[in-house]
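**Student:**
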Amino acid sequence: MASGIELKDPSLFITKGYINGEWIEASTGEHFEVVNPSTGNVITKLPEMGAADVSAASRSADEAWESWRSVTGKARGQIIRRWAALMLENAEDLGKLITTENGKPYTEAKGEVAFAAAYLEFYAGEAERLYGDIIPSSNPRNRQFALKQPIGPVACLVPWNFPAAMVTRKAGAALAAGCTVVLKPAGETSLTSLALAALGERAGIPKGALNVVTALGRLVEVGQALCKDPILRKLSFTGSTAVGKLLMKQCSSSLKKLSMELGGNSPFIIFDDCDVKTAVDALMGAKVRNSGQTCVCANRIYVQRNIYDALADALVARFQALNTGDGFGDGVVVGPLTTSRGVKKVETHVQDALSKGARVLQGGKPIDGPGNFFQPTVLADMTADMLSHNEEIFGPVAALYPFDTEAEVIAMANKSEVGLGSYICTNDAARMWRVAEKLDTGMVGVNTGVIAAGELPFQGAKHSGFGSEGGKWGVEEFCVTKTIVLAVPDA
Ligand code: NAD
72 MASGIELKDP
82 SLFITKGYIN
92 GEWIEASTGE
102 HFEVVNPSTG
112 NVITKLPEMG
122 AADVSAASRS
132 ADEAWESWRS
142 VTGKARGQII
152 RRWAALMLEN
162 AEDLGKLITT
172 ENGKPYTEAK
182 GEVAFAAAYL
192 EFYAGEAERL
202 YGDIIPSSNP
212 RNRQFALKQP
222 IGPVACLVPW
232 NFPAAMVTRK
242 AGAALAAGCT
252 VVLKPAGETS
262 LTSLALAALG
272 ERAGIPKGAL
282 NVVTALGRLV
292 EVGQALCKDP
302 ILRKLSFTGS
312 TAVGKLLMKQ
322 CSSSLKKLSM
332 ELGGNSPFII
342 FDDCDVKTAV
352 DALMGAKVRN
362 SGQTCVCANR
372 IYVQRNIYDA
382 LADALVARFQ
392 ALNTGDGFGD
402 GVVVGPLTTS
412 RGVKKVETHV
422 QDALSKGARV
432 LQGGKPIDGP
442 GNFFQPTVLA
452 DMTADMLSHN
462 EEIFGPVAAL
472 YPFDTEAEVI
482 AMANKSEVGL
492 GSYICTNDAA
502 RMWRVAEKLD
512 TGMVGVNTGV
522 IAAGELPFQG
532 AKHSGFGSEG
542 GKWGVEEFCV
552 TKTIVLAVPD
562 A
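Here it is in structure tokens:
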């Protein structure tokens, strides 16, 4: 038993950082508090690491790389597959850690564990399939090859909305490619990362190949140290566009290869030819998951005018039935927001919309009492001049915009600086292709609200960043190409 979390395996509740295979305190001697977003209670304290710890972690990743890069893909894959199996065996404990520090409902948290393990399972196979090319030469004497090789030690910066899946999606791919990792989880949700590192160690990830640097107050110092570190050859970040731009700038001195999975502002387009119930089912998946805190959550819900009222009524009925509360509560499907600043942001978005003419159909307010709760909310008659049209809401607020024509809605949907996910509900196959091809986003869901899986590439367009995660693409992001030209003189 530790800090209110009852784990079957209490050794997975870890309150130290992880560098070079050792569980250690911060060199600063400082700590930060991890808070349960449902209660406001402090769960525990974790080491507040700084630049010196980043440097120790990158050195250990560098040393470990010398041997890890030479381990065969098959052997790396076996370790990664064991890591996935251990995650699934410990899904209940991992789920408890996720619910306690992130807030998402326990059933959803266990679902995240399975989703996170699926990335490892896929990458385990990819470790064996890092094929290169044989390139026919224009010079008859030459034989030519392009190899895929691991880029080296890398930094993976993981956000708080998927404390397990973003770790495996990045670190699993890096390890499969033959890279070693310095992982920096969001301070708010580091307990899950530490438990995953412990399971990785049990699976056979060698000392130094996976390091975890914990920080919250010293986030800026740690971020800078990771970006500037000359040993780390790549940085993979998921988080807001603003922070992504800052990290890119900071990485310029060490010229790191980058993967940036940044903010979204997903349009969810519902045409009048579709079945309203199917559309609402898909919309609930894309809006309510993780209390609306995913980068591909439906942010701007465009509904064709003929079915606007019917859809709004059906959605309100579904939102009224949502059970909000502590993620461990029976039947709870909407937990708290992970941070208190998240509640303030959602409140600002709702107030801004109301001041510009939107109507509240359901909810609209933070919930009094302890914890970061916001009422599941439906807003109607939204317009493009509102804050939520231009920024992620990142909360359980469904914002409805009426539209008339296909051309009009494509133009509205693309009127965004970012382009991560998008969704279309239609039964017209020609329209589905036309619209899917024209949306300026990295992913499109058609009649579904779920667009991520271990085998699929996940990426953005425009200011949502670049570089794919997941599937074979995720592993390739951690590789560099090496050309080998071999002269074969005539006998
Ligand atoms: P934030 O921009 O402060 O933090 C986002 C992430 O970046 C966090 O994981 C944080 O640990 C990390 N970060 C922040 N500053 C950093 C720095 N200087 N160096 C290194 N890492 C740094 O935002 P927030 O208040 O946590 O969330 C604000 C908004 O960001 C959300 O409402 C949402 O729109 C967006 N966000 C998106 C994602 C995503 O999955 N794309 C994840 C988290 C937040």
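Per the numbering used here, the sequence shown starts with residue 72, numbered consecutively. Beta carbons are placed, not taken as given, at the ideal position from N, Cα and C, and that holds for glycine.
Tell me the rounded alpha-carbon separation between Ile522 and Val559.
**Tutor:** Your numbering for residue 522 matches position 451 in the sequence shown. Your numbering for residue 559 matches position 488 in the sequence shown. One Cα belongs to Ile522, the other to Val559, and the distance between them is close to 49 Å.
**Student:** For a minimum of 4 consecutive residues, which ranges assigned as the alpha helix (DSSP H) are wholly contained in the segment 503 to 561?
**Tutor:** With a minimum length of 4 residues, the continuous alpha helix (DSSP H) runs that stay inside the segment 503 to 561 are 542 to 547.
**Student:** Which word fits Phe342, buried or exposed, when buried means at least 16 other C-beta atoms lie within 10 angstroms of its C-beta?
**Tutor:** As a position in the sequence shown, residue 342 is number 271, starting the count at 1. Its Cβ being crowded by 16 or more others within 10 Å, Phe342 is buried.
**Student:** CB Leu290 to CB Gly310, shorter than 8 Å?
**Tutor:** Locating residue 290 in the sequence shown gives position 219, counting from the first residue. Locating residue 310 in the sequence shown gives position 239, counting from the first residue. Not a contact, by the Cβ cut-off of 8 Å.
**Student:** With DSSP as the reference, label Glu93 as helix, strand or coil.
**Tutor:** As a first step, residue 93 must be located in the sequence shown, where it is residue number 22. Strand at Glu93.
**Student:** Can you tell me the Cα-Cα spacing of Ala385 and Asn91, whole angstroms?
**Tutor:** Along the sequence shown, one-based indexing puts residue 385 at 314. Along the sequence shown, one-based indexing puts residue 91 at 20. Distance between the alpha carbons of Ala385 and Asn91 is about 54 Å.
**Student:** For Ile205, which three-state DSSP category applies?
**Tutor:** Locating residue 205 in the sequence shown gives position 134, where the first residue counts as 1. Here Ile205 sits in strand by DSSP.
**Student:** What three-state label does DSSP hand Thr260 in the structure shown?
**Tutor:** Mapped onto the sequence shown, residue 260 falls at position 189. The three-state reading of DSSP puts Thr260 in helix, counting H, G and I together.
**Student:** Please report the straight-line C-alpha distance between Asp475 and Ile481, rounded to a whole angstrom.
**Tutor:** Position 404 of the sequence shown, counted from the start, is the residue given in the question as residue 475. Position 410 of the sequence shown, counted from the start, is the residue given in the question as residue 481. The alpha-carbon atoms of Asp475 and Ile481 are separated by roughly 11 Å.
**Student:** Just list the residues that DSSP pairs Lys255 with in beta bridges.
**Tutor:** Here residue 255 corresponds to residue number 184 of the sequence shown, with the count starting at 1. DSSP output for Lys255 lists Leu228 as bridge partner(s).
**Student:** For the alpha helix (DSSP H) containing Val293, name the first residue and the last one.
**Tutor:** Residue numbering aside, residue 293 sits at position 222 when the sequence shown is read from its first letter. Leu290 to Lys299 is the span of the alpha helix (DSSP H), which, as asked, contains Val293.
**Student:** Quick one: is the Cβ of Leu317 within less than 7 Å of any heavy atom of the ligand NAD?
**Tutor:** Working through the sequence shown from its first residue, we reach residue 317 at position 246. Because some heavy atom of the ligand NAD lies under 7 Å away, the Cβ of Leu317 counts as near it: yes.
**Student:** How many whole angstroms separate the CB atoms of Pro224 and Ala132, which I take to be in contact at a CB cut-off of 8 Å?
**Tutor:** Along the sequence shown, one-based indexing puts residue 224 at 153. Along the sequence shown, one-based indexing puts residue 132 at 61. With a contact defined as Cβ atoms closer than 8 Å, Pro224 and Ala132 qualify at about 4 Å.
**Student:** How is Ser362 classed by DSSP in three states: helix, strand or coil?
**Tutor:** Taking the sequence shown and counting its residues from 1, the one referred to as residue 362 is at position 291. Correct three-state label for Ser362: helix.
**Student:** Measuring CB atoms only, is the segment 367 to 380 touching the segment 139 to 157, in the sense that at least three cross pairs come out at less than 8 Å?
**Tutor:** A contact is defined here as three or more CB-CB pairs under 8 Å, and the segment 367 to 380 fails this definition with respect to the segment 139 to 157.
**Student:** Can you determine whether any heavy atom of the ligand NAD sits closer than 7 Å to the C-beta of Leu159, and answer yes or no?
**Tutor:** The sequence position of residue 159 within the sequence shown is 88, counting from 1. It does not: the Cβ of Leu159 is nowhere closer than 7 Å to a heavy atom of the ligand NAD.
**Student:** Where Leu510 and Asp401 are concerned, what is the direct C-alpha to C-alpha distance, given to the nearest angstrom?
**Tutor:** The residue labelled residue 510 in the question sits at position 439 within the sequence shown. The residue labelled residue 401 in the question sits at position 330 within the sequence shown. Those two C-alpha atoms are separated by around 39 Å.
**Student:** Tell me whether Lys416 is buried or exposed, calling it buried when 16 or more other Cβ atoms sit within 10 Å of its Cβ.
**Tutor:** Here residue 416 refers to the residue found at position 345 when the sequence shown is read from its first residue. Looking at its Cβ environment, which holds 16 or more other Cβ atoms inside 10 Å, Lys416 is buried.
**Student:** Report the rounded CA-to-CA distance for Ala280 versus Thr395, giving the unit in angstroms.
**Tutor:** Position 209 of the sequence shown, counted from the start, is the residue given in the question as residue 280. Position 324 of the sequence shown, counted from the start, is the residue given in the question as residue 395. Distance between the alpha carbons of Ala280 and Thr395 is about 40 Å.
**Student:** Restricting to Cα atoms, I'd like to know which of Ser459, Ile438, Gln391 and Phe444 is closest to Gln422.
**Tutor:** Along the sequence shown, one-based indexing puts residue 422 at 351. Looking at the Cα atoms, Ser459 is the closest of the given residues.
**Student:** What is the rounded straight-line gap between the Cα of Pro118 and the Cα of Gly288?
**Tutor:** If you number the sequence shown from 1, residue 118 lands on position 47. If you number the sequence shown from 1, residue 288 lands on position 217. Taking the straight line joining both Cα atoms gives about 10 Å.
**Student:** Measuring only the C-alpha atoms, how far is Met72 from Val517?
**Tutor:** Along the sequence shown, one-based indexing puts residue 72 at 1. Along the sequence shown, one-based indexing puts residue 517 at 446. The predicted position of Met72 is uncertain, since its pLDDT is 38 and thus under 50; a value taken from the coordinates is nonetheless stated next. Their Cα atoms are separated by approximately 45 Å.
**Student:** Quick check on Leu83: does DSSP put it in helix, strand or coil?
**Tutor:** For the purposes of this step, residue 83 is taken as the residue at position 12 of the sequence shown. Leu83 falls in the helix class under three-state DSSP.
**Student:** Classify Ile205: buried if its beta carbon has 16 or more other beta carbons within 10 angstroms, exposed otherwise.
**Tutor:** For this step, residue 205 is matched to residue 134 along the sequence shown. Exposed: under 16 other Cβ atoms inside 10 Å.
**Student:** For the candidate residues Leu408, Ser337 and Asp397, whose alpha-carbon lies nearest to that of Ser362?
**Tutor:** Here residue 362 refers to the residue found at position 291 of the sequence shown. The option with the nearest alpha carbon to Ser362 is Leu408.
**Student:** Which word fits Thr410, buried or exposed, when buried means at least 16 other C-beta atoms lie within 10 angstroms of its C-beta?
**Tutor:** Within the sequence shown, the letter at position 339 stands for residue 410. The residue in question, Thr410, is buried, as its Cβ has 16 or more Cβ neighbours within 10 Å.
**Student:** Locate the alpha helix (DSSP H) running through Ile150, then write down its first and last residues.
**Tutor:** As a position in the sequence shown, residue 150 is number 79, starting the count at 1. Element bounds for Ile150: Gly144 to Glu160.
**Student:** Verify the contact flag: Phe445, CB atom, against every heavy atom of the ligand NAD, threshold strictly below 7 Å.
**Tutor:** The residue given as residue 445 occupies position 374 in the sequence shown. Phe445: no, Cβ never under 7 Å from the ligand NAD.
**Student:** Where DSSP assigns a beta bridge to Gly440, which residues make up the other side?
**Tutor:** If you number the sequence shown from 1, residue 440 lands on position 369. Paired residue(s): none; Gly440 is not in a bridge.
**Student:** Applying the 10 Å Cβ sphere with the 16-neighbour rule, what's the burial state of Ala524?
**Tutor:** Position 453 of the sequence shown, counted from the start, is the residue given in the question as residue 524. It is exposed - the Cβ of Ala524 has fewer than 16 other Cβ atoms within 10 Å.
**Student:** Please tell me whether, using a cut-off of 7 Å, the distance from the CB of Cys537 to the nearest non-hydrogen atom of the ligand NAD is below it.
**Tutor:** Counting from 1 along the sequence shown, the entry for residue 537 is found at position 466. The identity of residue 537 in the sequence shown is Phe, whereas the question assumes Cys. Result no, Cβ not under 7 Å from the ligand NAD.
**Student:** Taking the C-alpha atoms as reference points, what is the distance between Tyr120 and Ile76?
**Tutor:** Taking the sequence shown and counting its residues from 1, one reaches residue 120 at position 49. Taking the sequence shown and counting its residues from 1, one reaches residue 76 at position 5. According to the sequence shown, residue 120 is Met rather than Tyr. The straight-line gap from Cα to Cα measures roughly 24 Å.
**Student:** Skipping 5 residues on each side, what residues in its chain have a beta carbon closer than 6 Å to that of Lys241?
**Tutor:** For the purposes of this step, residue 241 is taken as residue 170 along the sequence shown, with counting starting at 1. The residues are Cys227 and Ser307.
**Student:** Between Asp452 and Thr115, what straight-line distance do the alpha-carbon atoms span, to the nearest angstrom?
**Tutor:** Start at 1 with the first residue of the sequence shown, and residue 452 comes out as number 381. Start at 1 with the first residue of the sequence shown, and residue 115 comes out as number 44. So the alpha carbons of these two residues sit roughly 44 Å apart.
**Student:** Can you tell me the Cα-Cα spacing of Ile85 and Lys358, whole angstroms?
**Tutor:** Taking the sequence shown and counting its residues from 1, one reaches residue 85 at position 14. Taking the sequence shown and counting its residues from 1, one reaches residue 358 at position 287. Cα-Cα distance, rounded: 32 Å.
**Student:** Assess, as a yes-or-no matter, whether the segment 184 to 199 is touched by the segment 234 to 248 under the definition of 3 or more beta carbon pairs within less than 8 Å.
**Tutor:** yes
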